[in-house]
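As structure tokens, the structure follows; a few thoughts come after it.
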Amino acid sequence: MITVPTATKTIIQRSRYLSEALSKNLINYSSLARYIKPELETMLGKKISNASVLMAIQRISKDFKPKYSSENIFSNPPSLIIHSNLFLLTYSGNKTNLTKNEDDFILLTNGINETTLVATAKLKRQIEENIKNELIKRHVDNLAAVTIELPKQAIDNSSVYYFFLKSLAWEGINIVQIFTTTEELTLIVNEKDLKTTLGIIQSLFNKLGE
């Protein structure tokens with residue numbers, strides 16, 4: 093039979109926001125108890141007291157310890173490279189026979205049945221002509237790219253992408269597309285969100301910059 097502490101831990105673990113807030117002691121236990129109590133009662137199939145939920149949270153809180161910190165892999169704030177006035181196309185097939193100049197910005201990823209491409213707006217006509225026989229599944233204009241340069245050890249850290257993405261999600265930033273390489277994480281956002289996106293990313297490294 094499932095116990096209150098076990099059910100409480102299951103609910104908190106399922107939410108990365110609750111897990112992180114609890115691990116950093118950023119959440120009031122009483123408020124958390126009231127928040128999860130209805131779901132706990134549904135899971136357990138019976139009424140339970142606020143006191144029992146609060147006791148369960150206090151008991152399991154030691155199990156939630158932060159497993160990741162920016163200091164684990166970043167000794168200094170990362171370099172950020174910005175590109176604006178971009179567009180995105182997702183089209184059927186894997187055609188990628190594109191020509192570009194050295195200063196042109198193009199990123200693409202091939203899936204099994206489709207390709208997603210992000211490029212500077214001045215290349216739109218050339219690219220559309222190149223893939224004119226393909227089915228266009230998605231077309232988005234007015235985009236910007238923020239490329240974060242990652243240290244070599246980032247590839248061995250399972251939480252490095254989450255470190256950036258959870259903060260942007262919390263602030264309601266829509267990430268249109270993500271491109272990654274071994275030492276680069278490129279986030280494609282709407283141009284209207286570029287300034288906010290940069291501010292959020294830079295704020296993650298305030299302590300490192302001191």
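Residue numbering for the sequence shown follows this note's numbering, starting at 93 and increasing by one per position. Beta carbons are placed, not taken as given, at the ideal position from N, Cα and C, and that holds for glycine. Because the structure is a prediction, the values reported are computed rather than measured.
Asp233 is not a Cβ neighbour of Phe156, given a cutoff of 8 Å.
In this structure, the CA atom of Leu277 is about 8 Å from the CA atom of Val238. By the C-beta density criterion, Asp248 is exposed, having fewer than 16 other C-beta atoms within 10 angstroms.
Taking 8 Å as the cut-off, the beta carbon of Ile152 is found no closer than this to the beta carbon of Tyr121. Annotated three-state conformation of Lys229 is strand, per DSSP.
From the listed residues Val281, Val252, Thr272, Pro169, the smallest Cα separation to Asn266 is found for Val281. Less than 8 Å separates the beta-carbon of Glu241 from that of Glu275. For the pair Leu296 and Lys138, the Cα-to-Cα distance works out to about 42 Å.
Assigned with DSSP and collapsed to three states, Leu180 falls in strand. When Cβ pairs closer than 8 Å are counted between the two stretches, the stretch 199-218 is seen to touch the stretch 164-184, the count reaching three or more. Under DSSP, Asn120 takes part in no beta bridge, so it has no partner. Ile265 has no beta-bridge partner at all, per DSSP. For Ala99, no beta strand (DSSP E) run applies; the uninterrupted alpha helix (DSSP H) run containing it begins and ends at 96-106, by DSSP. The Cβ neighbour count for Asp196, taken over all protein chains shown within 10 Å, is under 16; the residue is labelled exposed. Burial is judged here by how many other beta carbons sit within 10 angstroms of a residue's own beta carbon; Ile173 has fewer than 16 and is exposed. If you check the CB distance, Thr207 and Tyr183 come in under 8 Å. Leu277: member of the beta strand (DSSP E) spanning 276-282, first to last residue. Look at Phe271 here: in three-state DSSP terms it is strand.
In the structure shown, the three-state DSSP call for Thr288 is helix. Rounded to whole angstroms, the Cβ separation of Glu226 and Gly185 is 5 Å, and the two are in contact under 8 Å. Relative to the Cα of Lys154, the nearest Cα in the group Thr273, Gln218, Glu283, Lys101 belongs to Lys101.
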